[in-house]
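Student: Letter by letter, the sequence shown follows residues 287 to 829 of the numbering used here. Think of the CB as a built atom: it goes at the ideal place given N, C-alpha and C, for glycine as much as any other residue. Note that the coordinates shown come from a computational prediction; the quantities given were computed from them, not determined experimentally.
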Amino acid sequence: MDLIEAKQQLKINTNPVSFGIQCQENIFYKAYVSRKRIAGMCELIILWKNRKYKKKLIVHYLRMSFSHEGVQEYSVEIIKKQHLGILKKKLQGYVQINLLEAAILIQDAYSQNVRFKTRPAEELEEYKYMLEYDTTNINRRYLMNKLLQEDLTIHEFTNIYLSALRRMDNALLYDCSSVQWQEELGDRNSFILNYGKEYRGYTFLRSGIKDILIEGNAYIIDVFAVVITAQEEIMKIIYNIVMQKRDGYYCVDAFRETSRENLQGDHPDNPFNYRVYCTAYHLLAACEIKSWLNNEPEVLVTGELQDCTIYKWLQEADKPGEEFNINDKILAEYIVTKDELLIFAKKPNNLIKAEKKAAEYMNFCIKLQKKYYMPVQKIYQYIITKGKCLNRYSGTSALIHFTDSSPLLEYIKSSSEGVISLGAQVSYFYEKKKNGENNVPCFKEYYLSKNWLKIYTYGEEVDKGIEQLLMNASVKDIVYDFELENYYDLFIPPITEQRKWYIYGVLQRFYHEANELSKYGVVPVLEDVLRIYGAVKTASKIG
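1. Rank MET529, PHE477, ILE514 and GLY487 by C-alpha distance to the C-alpha of GLU501 and give the top, closest one.
2. Express the C-alpha separation of SER804 and ASN677 in angstroms, rounding to a whole number.
3. Between the alpha carbons of LYS632 and VAL400, how many angstroms are there, rounded?
4. What does a CB cutoff of less than 7 Å around PHE314 pick up in its chain, not counting 5 residues either side in sequence?
5. Taking the DSSP output, what are the residues bridged to GLN382?
6. First and last residue of the beta strand (DSSP E) that includes HIS346?
7. Once DSSP output is grouped into helix, strand and coil, what is the label at CYS573?
8. Can you give me the C-alpha to C-alpha distance between GLU418 and LYS366, rounded to a whole angstrom?
9. Figure out for me which residue from THR682, GLU646, TYR790 and VAL808 has the closest Cα to the Cα of ARG817.
10. Considering only residues of the same chain and omitting the five flanking positions on each side of TYR488, which have a CB-CB separation below 8 Å?
11. From ARG486 to LYS522, what distance separates their C-alpha atoms?
12. Measuring CB atoms only, is the region 590-601 touching the region 524-539, in the sense that at least three cross pairs come out at less than 8 Å?
13. Quick check on the burial criterion: 16 or more other C-beta atoms within 10 angstroms. Buried or exposed for ALA710?
14. Use the C-beta contact count for SER493: other C-beta atoms within 10 angstroms, 16 or more gives buried, fewer gives exposed.
15. So HIS798 is in the alpha helix (DSSP H); what residue range does that whole segment cover?
16. What residue does the alpha helix (DSSP H) around ALA644 start on, and which one ends it?
17. Among the residues of its own chain, which have a CB less than 7 Å from the CB of LEU434, if the five just before and after it don't count?
18. With a threshold of 8 Å on Cβ separation, who are the neighbours of THR689 within its own chain once the five nearest residues in sequence on each side are excluded?
19. Please state if the CB of TYR560 and the CB of VAL585 are separated by a distance shorter than 9 Å.
20. Please state whether DSSP places HIS830 in a helix, a strand or coil.
21. Would you give the residue range spanned by the beta strand (DSSP E) that MET529 belongs to?
22. Quick one: does SER361 have its CB under 9 Å from some CB of chain C?
23. Three-state secondary structure (DSSP) at GLY751?
24. Indicate the three-state DSSP secondary structure (helix, strand or coil) for SER760 in the structure shown.
25. With burial defined as no fewer than 16 other Cβ atoms inside 10 Å of the residue's Cβ, what is the status of GLU412: buried or exposed?
26. Which word fits PRO583, buried or exposed, when buried means at least 16 other C-beta atoms lie within 10 angstroms of its C-beta?
27. Please work out which residues of its chain come closer than 6 Å, Cβ to Cβ, to PRO780, disregarding the five sequence neighbours upstream and downstream, and give them in chain order.
28. Round the Cβ separation of VAL264 and ALA395 to the nearest angstrom and send it over; I've been treating them as touching at under 8 Å.
29. What does DSSP give as the partner residue(s) for VAL587 in the beta ladder?
30. Starting from PHE768, trace the alpha helix (DSSP H) both ways and give me its first and last residue.
31. Of all the options ILE383, ARG542, ARG337 and GLY807, which has the alpha carbon lying nearest to the alpha carbon of ALA645?
32. Does the structure place the region 421-441 close enough to the region 453-468 that three or more beta carbon pairs sit under 8 Å?
33. In whole angstroms, what separates the C-alpha of SER691 from that of LYS740?
34. Note down, in chain order, each residue of its chain lying with its Cβ closer than 6 Å to the Cβ of PHE558, except the 5 sequence neighbours on either side.
35. On a CA-only basis, which of LEU793, PRO634 and ALA684 is nearest LYS718? Give me that one, please.
36. Would you kindly report the start and end of the unbroken alpha helix (DSSP H) that includes SER700?
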């Protein structure tokens, strides 16, 4: 089906204000479009004068996507001319265009509905005359230049072109091309509807620039894209782009694929070959967690297995002028089983933000178990096999009570890569990763509140981290997590009864201070520890 046939299949408008009457009664006044067109979306506002209602304006609002969604929203409102000033304030940053340029944008968005067989906004049936305008001889490159910044760098323009390729925005690919390259691409409408059919089965994971050479007035650019194919292969594709700058704007003179390579799981260019920071919680009410995540606007369900649901917390829309990495778009991920919640993220600051949200809204139904730093594939392996593959990646930790944490704070600040405030009394610090013995990644994180510190170390024993702290502040008490778990083996002797009572006294002091660290689950509640020790009844009578 071509675009003309698709237009004809829109339902005939039976509204009294039909196509012919609308064109006779309304006179185009002005149109404005947001600059988001190069990012694959835009808001378009068209103002019409009416022959009958001379003191009023008819306003057409459209929200459009130039991926598969096409014309998403189309609404009409009548306003008094005296309110035009209020509307213009809302249009700051928008670009004024003419009627045929507005029609081009609507036609291009609608072509995506045709191409991907998606339903456009119902109101388009009533105002389909916007699809009837003849825009054949309009200079689309001039329109695109209006929406592009004149000071774009070659890197930014190249990434904009790659972002259009990624979302299959063929109209933008065509309009960013030189006249000579457009002649090779052929008819614009045919190109929009037919180019890149193989990409429909691809999911783009990464794209970026490998190299730029300058030859005379031409830029010879090697770029790459990493995709998952319809056969679930991870493939790296190399393209060559030739660009020139004409009249102050870049344009594409040629674009061709040069090579392909299948990427195995351990390949450094494989986007799934990375480590994540992970926190595991015991769930008391899985349905409550799912309800909370389902109602978070930035969190989406992205997978469902037999015994678990996978969610992703996504950041806002891509920045088309920057290199794309799907992992950067994902702030954090959640896996919910019937009795466990795993939260993990590529960056520690994103994980702690996700932890904070969970603590604020779901503290009553989660209990922190362990924290890990591990390959992301191991998490999914754990979910599928329910094995113990996570244990080797868990952090070792301790709760430390200092006499005065002021000098300690200066040391932690100086050695940390970042800090996040978790409230009036709690600060979270994380150190930059480094490679330890056998090239194992190592790093530390700290939760500090008043004179209490919870330290987690990864890739090395917690005692090494504590040694550094002792050089900067005096310590009252230290309690290790393996002690709170009553863990012992061939190398760690069982905890004595005397030590258990000592630990109980330390935790009593901690909770007596109503320390805010307790909100984040990094210090277990007294009752849970005593239950592990088998001494709840006895201990509860003391003190």
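Tutor: The relevant details are as follows:
1. If you number the sequence shown from 1, residue 501 lands on position 215. If we check each option's Cα against that of GLU501, MET529 comes out closest.
2. In the sequence shown, residue 677 corresponds to position 391, counting from 1. In the sequence shown, residue 804 corresponds to position 518, counting from 1. Near 24 Å, if we compare the C-alpha coordinates of SER804 and ASN677.
3. Start at 1 with the first residue of the sequence shown, and residue 632 comes out as number 346. Start at 1 with the first residue of the sequence shown, and residue 400 comes out as number 114. Cα-Cα distance, rounded: 38 Å.
4. Against the sequence shown, residue 314 aligns to sequence position 28. Around PHE314: TRP334 and LEU385.
5. Residue 382 sits at position 96 when you count from the first residue of the sequence shown. GLN382 is bridged to TYR318.
6. Taking the first residue of the sequence shown as 1, we reach residue 346 at position 60. 342-351 is the extent of the beta strand (DSSP E) around HIS346.
7. The residue labelled residue 573 in the question sits at position 287 within the sequence shown. Looking at CYS573 - three-state DSSP - the assignment turns out to be helix.
8. For the purposes of this step, residue 418 is taken as the residue at position 132 of the sequence shown. For the purposes of this step, residue 366 is taken as the residue at position 80 of the sequence shown. Their backbone Cα atoms lie some 28 Å apart in a straight line.
9. Stepping through the sequence shown from its first residue, residue 817 is reached at position 531. ARG817 has its Cα closest to that of TYR790, out of THR682, GLU646, TYR790 and VAL808.
10. As a first step, residue 488 is located in the sequence shown; it is residue number 202 there, counting from the start. Closer than 8 Å at Cβ, skipping near neighbours: VAL513, ILE514, THR515 and ALA516.
11. Start at 1 with the first residue of the sequence shown, and residue 486 comes out as number 200. Start at 1 with the first residue of the sequence shown, and residue 522 comes out as number 236. Each residue's Cα considered, the two are about 16 Å apart.
12. no
13. Here residue 710 refers to the residue found at position 424 of the sequence shown. Looking at its Cβ environment, which holds fewer than 16 other Cβ atoms inside 10 Å, ALA710 is exposed.
14. In the sequence shown, counting from the first residue as 1, residue 493 sits at position 207. By the neighbour-count rule (16 or more Cβ atoms within 10 Å), SER493 is buried.
15. Within the sequence shown, numbered from 1, the residue matching residue 798 stands at position 512. 783-798 is the span of the alpha helix (DSSP H), which, as asked, contains HIS798.
16. In the sequence shown, counting from the first residue as 1, residue 644 sits at position 358. 634-648 is the extent of the alpha helix (DSSP H) around ALA644.
17. The count along the sequence shown starts at 1 and reaches residue 434 at position 148. Closer than 7 Å at Cβ, skipping near neighbours: ILE324 and TYR535.
18. Within the sequence shown, the letter at position 403 stands for residue 689. Same-chain partners within the cutoff: ASN737, ALA759, SER760, VAL761 and LYS762.
19. Position 299 of the sequence shown, counting from 1, holds the residue named residue 585. Position 274 of the sequence shown, counting from 1, holds the residue named residue 560. No, these two residues do not count as a Cβ contact at 9 Å.
20. With the chain covering only 287 through 829, there is no way to say anything about residue 830.
21. As a working mapping, residue 529 is identified with position 243 in the sequence shown. Element bounds for MET529: 520-532.
22. The question asks about chain C, but that chain is absent: this structure has only one protein chain.
23. Working through the sequence shown from its first residue, we reach residue 751 at position 465. Residue state, collapsed to three classes: helix.
24. To locate residue 760, count along the sequence shown from 1; it is residue 474. The DSSP-derived three-state label of SER760 is coil.
25. As a working note, residue 412 is residue 126 in the sequence shown. With 16 or more other Cβ atoms within 10 Å, it is buried.
26. Taking the sequence shown and counting its residues from 1, one reaches residue 583 at position 297. Residue environment: PRO583 is assigned as exposed (fewer than 16 neighbouring CB atoms within 10 Å of its CB, all protein chains considered).
27. For the purposes of this step, residue 780 is taken as residue 494 along the sequence shown, with counting starting at 1. Apart from sequence neighbours up to five positions away, the residues of its chain that approach PRO780 with a beta-carbon distance below 6 Å are TYR774, ordered along the chain.
28. Absent from the structure is residue 264, since the part of the chain shown begins at 287 and ends at 829.
29. Your numbering for residue 587 matches position 301 in the sequence shown. VAL587 pairs with TYR597.
30. Position 482 of the sequence shown, counted from the first residue, corresponds to residue 768. It spans 767-770 - the alpha helix (DSSP H) in which PHE768 sits, taken as one unbroken run.
31. Locating residue 645 in the sequence shown gives position 359, where the first residue counts as 1. Closest option to ALA645, Cα to Cα, is GLY807.
32. yes
33. By 1-based counting over the sequence shown, the position of residue 691 is 405. By 1-based counting over the sequence shown, the position of residue 740 is 454. Going from the Cα of SER691 to the Cα of LYS740 covers about 12 Å.
34. Along the sequence shown, read from residue 1 onward, the residue named residue 558 stands at position 272. Cβ within range, chain order: n/a, list empty.
35. Along the sequence shown, one-based indexing puts residue 718 at 432. Closest option to LYS718, Cα to Cα, is PRO634.
36. Start at 1 with the first residue of the sequence shown, and residue 700 comes out as number 414. From DSSP, the alpha helix (DSSP H) with SER700 extends over 692-701.
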